[in-house]
């Protein structure tokens, strides 16, 4: 996913494939069917000498791609990186939510410790010996 903090409530911080499949929406099924059908059509159109075997192979590859695409989208919703109001309503929010950090300069991020989100991990520089 991403290295930034989630913008939405976390439902499951580490969802398994079963959790993702159980929380699929109608849109996810439509995307999987549409990608599979379109890749079958692509294989049929461009596989002129042997159209049906090429179309079947393209559909298998399209179904694999659609599975990865749908799992990524569902995992993003469960982890709070995408809009997940329906999942929060159905499964509830995770008991430990990430506290939002203040926005800082994105070009120079600083690592923060787990215990205290305010204190940076790297020490503050001292300029006493620079004369």
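In the numbering used here, the protein residues as written are 2 to 132.
Cβ coordinates follow ideal geometry from the N, Cα and C atoms, glycine included.
Opening and closing residue of the alpha helix (DSSP H) in which residue i lies
i           : result
residue 80  : 52 to 80
residue 109 : First-last for residue 109: undefined, no H or E at that position.
residue 27  : 27 to 47
residue 19  : 18 to 23
residue 1   : With the chain covering 2 to 132 only, the question about residue 1 has no answer from this structure.
Own chain partners of residue i with C-beta closer than 8 Å, once the 5 adjacent residues on each side are dropped
i          : result
residue 68 : 33
residue 18 : 72
residue 57 : 41 and 44
residue 7  : 80, 81, 82 and 99
residue 95 : 10, 11, 12, 13 and 14
residue 54 : 48
residue 91 : 24
residue 93 : 12
7 Å Cβ shell around residue i - same chain, five flanking residues per side excluded
i          : result
residue 29 : 71, 74 and 75
residue 20 : 13 and 79
residue 60 : 37, 40, 41 and 44
residue 66 : 36
At a cut of 8 Å, does the region 91 to 108 reach the region 37 to 50 through at least three beta carbon pairs? no
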